[in-house]
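According to the numbering used here, the stretch in the sequence shown is residues 123 to 614, in order.
The beta carbon of each residue, even a glycine, is placed where N, CA and C say it ideally should be.
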Amino acid sequence: MVSRLVLGCGSVGRAVVGIADDRSGRTLVLCADEDRVETLRSSSVAAKRADPTDAATLAALDRPVDVVVVAADDAATNRAAAEAAREHCPDAFVLAYTGEDATDGARAAIDAAADRVIAPETATADRLLDRIGEETMRPRRLWVLLQELEGPLAILTHDNPDPDAIASGVALREIAAAAGCGADVCHFGRVTHEENRAMINLLDLDLHTLTSPEAVDEYGGIALVDHSRPGVNDQLPPETAIDVVIDHHPPRAPVEARFVDLRSDVGATSTLLSSYLRRLDIPVGAAVANGLLYGIRVDTKEFSREVSTADFEAAAFLLPAAEEDVLERIESPSVSAETLGTLASAIGNRRVEGTVLTSCVGELGERDALAQAADRLLDIEGVSTTVVYGILDGVVYLSGRTRGADLDLGEVLRDAFDPIGSAGGHADMAGAQIPLGLLSDADDGESLTGIVSDVIDDRFFEALASLPGARAPADASVVSPMDAPGRDDSER
Numbered sequence: 123m124v125s126r127l128v129l130g131c132g133s134v135g136r137a138v139v140g141i142a143d144d145r146s147g148r149t150l151v152l153c154a155d156e157d158r159v160e161t162l163r164s165s166s167v168a169a170k171r172a173d174p175t176d177a178a179t180l181a182a183l184d185r186p187v188d189v190v191v192v193a194a195d196d197a198a199t200n201r202a203a204a205e206a207a208r209e210h211c212p213d214a215f216v217l218a219y220t221g222e223d224a225t226d227g228a229r230a231a232i233d234a235a236a237d238r239v240i241a242p243e244t245a246t247a248d249r250l251l252d253r254i255g256e257e258t259m260r261p262r263r264l265w266v267l268l269q270e271l272e273g274p275l276a277i278l279t280h281d282n283p284d285p286d287a288i289a290s291g292v293a294l295r296e297i298a299a300a301a302g303c304g305a306d307v308c309h310f311g312r313v314t315h316e317e318n319r320a321m322i323n324l325l326d327l328d329l330h331t332l333t334s335p336e337a338v339d340e341y342g343g344i345a346l347v348d349h350s351r352p353g354v355n356d357q358l359p360p361e362t363a364i365d366v367v368i369d370h371h372p373p374r375a376p377v378e379a380r381f382v383d384l385r386s387d388v389g390a391t392s393t394l395l396s397s398y399l400r401r402l403d404i405p406v407g408a409a410v411a412n413g414l415l416y417g418i419r420v421d422t423k424e425f426s427r428e429v430s431t432a433d434f435e436a437a438a439f440l441l442p443a444a445e446e447d448v449l450e451r452i453e454s455p456s457v458s459a460e461t462l463g464t465l466a467s468a469i470g471n472r473r474v475e476g477t478v479l480t481s482c483v484g485e486l487g488e489r490d491a492l493a494q495a496a497d498r499l500l501d502i503e504g505v506s507t508t509v510v511y512g513i514l515d516g517v518v519y520l521s522g523r524t525r526g527a528d529l530d531l532g533e534v535l536r537d538a539f540d541p542i543g544s545a546g547g548h549a550d551m552a553g554a555q556i557p558l559g560l561l562s563d564a565d566d567g568e569s570l571t572g573i574v575s576d577v578i579d580d581r582f583f584e585a586l587a588s589l590p591g592a593r594a595p596a597d598a599s600v601v602s603p604m605d606a607p608g609r610d611d612s613e614r
């Protein structure tokens, strides 16, 4: 809940208080005008008669302040109030109105003390409130936390990161550097998807591959981007203390961290990081702009899937610095033989029930090909949902896609596989990871893939059948046994 402190209550301040009173959070007004204070109190606004420039009054506040709005009519009062607020509310976001007829010296002093300054020609109440809402507070809180960290920050993407995770990590590293905090973008597993490798190489992005959970011990803080819980789609112990979480996927369980930004109403985590860069006035170079724009385009499927106004606004912000020719080169990489082999296996081993297709491709060499196969199999006539899975290093990895179907695939996969592994994602794009456990003791690869196929398909179709209003599927069309296991994968 945002806690606002209004210092001075001139014409702009009164309008701010009137609108803020209808929004979430708490607002306290300090004003020297007794009549104005009584008027505010009669409207059930928390107001106190006090000198808004008095340092002792601010020092005696009995609650932390998130936002300070300096809003007297007089420029000299606003200058003194802004300077007092910066000294006694150092962690607060200070938004200051210059007041009427402010001298150049007063404007400069207010600008030095405040995070944002509003001049009379732009001082409307709606504009002020837009700048002190939660959208503005998040960057400020993140900035303060980064400055407080003792030691570098490990920015962890999920395993085998996709463009959205990679770009978000690189953008957070830029923010940390601007705040004076060293940072590395880290991940477990390999980057095997051709487009993801092309993105890293063409943009010359520096990523650190972690080989053990203990590798993060050398860092002073840990941030998770594009996923929200340690031990779920990364190799950290579940009890790992996390400092920062920024993600756009809806969480299945409570998320704990010192700073949390979870917004499933946007199409990409890159959108959230773009807003941080914009609101913190951090210059965006071509590599970062290219990465973030590509991350948004991939996760929203060229602005056609789960897209929001914020995604378009982020793209408009990034476009001037982006390089379309570089993005085209990222989107048109060569396809590896392993990826083609996995796609062939997915087609050959498909099982279709009604409009739902599942396929086990057996042993994997790369995870990223699973997502590519799940996308491609959606092009089969009559199919609206695909689930493709395979085995790598003792884990069954699963990637699912759906379009035009009245179901939440992320919820279905969580219902089916959270009891035996971990699953999550969006309504139209989701994934899961299931440890093989005792199944890995099967005598040979063929019997193992057969057992895995039975378990995964049974649990998935049972979860589908349990949906409200679900009907029994049409006769299954099983197009081939596990006679040609392929390799590869990817998640989101």
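Using 7 Å as the threshold, is the C-beta distance between residue 410 and residue 293 below it? In terms of Cβ geometry, residue 410 and residue 293 form a close pair [threshold 7 Å].
Residue 372 and residue 357 look like a contact to me (Cβ under 8 Å); what is the Cβ gap, rounded to whole Å? Not confirmed; about 23 Å, so no contact.
According to DSSP, simplified to helix, strand and coil, what is residue 366? Looking at residue 366 - three-state DSSP - the assignment turns out to be strand.
May I ask which residues mark the beginning and end of the beta strand (DSSP E) holding residue 555? Membership of residue 555 in the beta strand (DSSP E) is indicated by the continuous run 551-557.
Nearest neighbour of residue 295, chosen from 269, 318 and 281 [CA to CA]: When only C-alpha atoms are compared, the closest one is 269.
In angstroms with no decimal places, state the Cα-to-Cα distance between residue 289 and residue 446. Roughly 16 Å separates the two Cα atoms.
When DSSP labels each residue in this structure, what does residue 334 get in the three-state scheme? The three-state reading of DSSP puts residue 334 in coil, since its state is none of H, G, I, E or B.
Assign residue 484 to one of three DSSP states: helix, strand, or coil. Residue 484 falls in the strand class under three-state DSSP.
Looking at the strands, I want to know which residues DSSP matches up with residue 151. Residue 151 pairs with 128 and 169.
Let me confirm a value: residue 260 is counted as buried when at least 16 other C-beta atoms fall within 10 Å, else exposed. Which label applies? Counting the other Cβ atoms within 10 Å of the Cβ of residue 260 gives 16 or more, which makes it buried.
Classify residue 185: buried if its beta carbon has 16 or more other beta carbons within 10 angstroms, exposed otherwise. Exposed, since its Cβ has fewer than 16 Cβ neighbours within 10 Å.
Judging by CA-CA distance, which residue of 431, 552, 196 and 418 is the nearest neighbour of residue 525? When only C-alpha atoms are compared, the closest one is 552.
Put residue 510 into one of helix, strand or coil per three-state DSSP. The answer is strand: DSSP assigns residue 510 an E or B state.
If we call anything under 7 Å between Cβ atoms a contact, is residue 462 one with residue 479? Not a contact, by the Cβ cut-off of 7 Å.
Flag residue 427 as yes if its beta-carbon sits less than 7 Å from any beta-carbon of chain D, otherwise no. The structure shown has no chain D; it contains just one protein chain.
For residue 543 and residue 557, which I take to be in contact (beta-carbon distance under 8 Å), what is that distance rounded to the nearest angstrom? Sure, about 6 Å apart at Cβ, within 8 Å.
Relative to the C-alpha of residue 325, which residue among 339, 285 and 301 is closest? Closest option to residue 325, Cα to Cα, is 285.
7 Å Cβ shell around residue 204 - same chain, five flanking residues per side excluded: So the qualifying residues of the chain are 192, 216, 218, 232, 235 and 236.
Expressed to the nearest angstrom, what Euclidean distance is found between the alpha-carbon atoms of residue 190 and residue 272? Here the alpha carbons of residue 272 and residue 190 stand approximately 27 Å from one another.
Ordered list of beta strand (DSSP E) runs contained in the region 157-219, each at least 3 residues: DSSP runs (the beta strand (DSSP E)) wholly in the region 157-219: 168-171, 189-192 and 215-219.
Return yes when the Cβ of residue 403 is within less than 7 Å of the Cβ of residue 100, no when it is not. The requested residue 100 is not part of the displayed model; the chain covers only 123 to 614.
Buried or exposed for residue 349, going by 16 or more other Cβ atoms inside 10 Å? Residue 349 comes out buried.
Output the distance between the C-alpha atoms of residue 196 and residue 548, rounded to the nearest integer angstrom. If you draw a straight line from the Cα of residue 196 to the Cα of residue 548, it comes to about 51 Å.
Residues bridged to residue 343 [DSSP beta-bridge criterion]: In DSSP, residue 343 forms a bridge with 275.
Buried/exposed call for residue 221, threshold 16 Cβ in 10 Å: By the C-beta density criterion, residue 221 is buried, having at least 16 other C-beta atoms within 10 angstroms.
Report the residue from 554, 387 and 131 whose alpha carbon sits nearest the alpha carbon of residue 354. Answer by Cα proximity: 554.
Specify whether the region 488-503 and the region 529-540 touch according to this definition: at least 3 beta carbon pairs, one from each stretch, less than 8 Å apart. As far as the Cβ criterion goes, the region 488-503 does not touch the region 529-540, which means the pair count is below three.
Evaluate residue 450 with the Cβ neighbour count: other Cβ atoms within 10 Å of its Cβ, from every protein chain shown; 16 or more gives buried, anything less gives exposed. Counting the other Cβ atoms within 10 Å of the Cβ of residue 450 gives fewer than 16, which makes it exposed.
Burial state of residue 283, where buried means 16 or more other Cβ atoms lie within 10 Å: Around the CB of residue 283, 16 or more other CB atoms lie within 10 Å, so the residue is classed as buried.
Extract the residue ranges of the beta strand (DSSP E) inside the region 346-427, only unbroken runs of 3 or more that lie entirely within it. Those beta strand (DSSP E) runs which fall completely within the region 346-427 and span 3+ residues are 366-369 and 381-384.
Buried versus exposed call for residue 323 [16 or more other C-beta atoms within 10 Å across all chains shown]: Exposed, because fewer than 16 other Cβ atoms sit within 10 Å of the Cβ of residue 323.
Identified DSSP bridge partners for residue 622: The structure shown does not extend to residue 622, since the chain is modelled only from 123 through 614, so no value can be given for it.
Residue 614 versus residue 161: straight-line alpha-carbon distance, rounded: With a pLDDT of 41 at residue 614, under the threshold of 50, the predicted position of this residue should be treated as unreliable, though the coordinate-derived value follows. A direct Cα-Cα distance of roughly 55 Å separates residue 614 from residue 161.
Environment of residue 224 [buried if 16+ CB atoms lie within 10 Å]: With 16 or more other Cβ atoms from the protein chains shown falling within 10 Å of its own Cβ, residue 224 counts as buried.
Excluding sequence positions up to five away, which residues of its chain have a Cβ less than 7 Å from the Cβ of residue 400? Cβ-Cβ distances below 7 Å link residue 400 to 439 in the same chain, with the five nearest sequence neighbours on each side left out; the list follows chain order.
Cβ shell of residue 392 (< 6 Å), same chain only, five flanking positions each side left out: In chain order, 286, 289, 290, 414, 417 and 418 place their CB closer than 6 Å to the CB of residue 392, counting only its own chain and leaving out the 5 sequence neighbours on each side.
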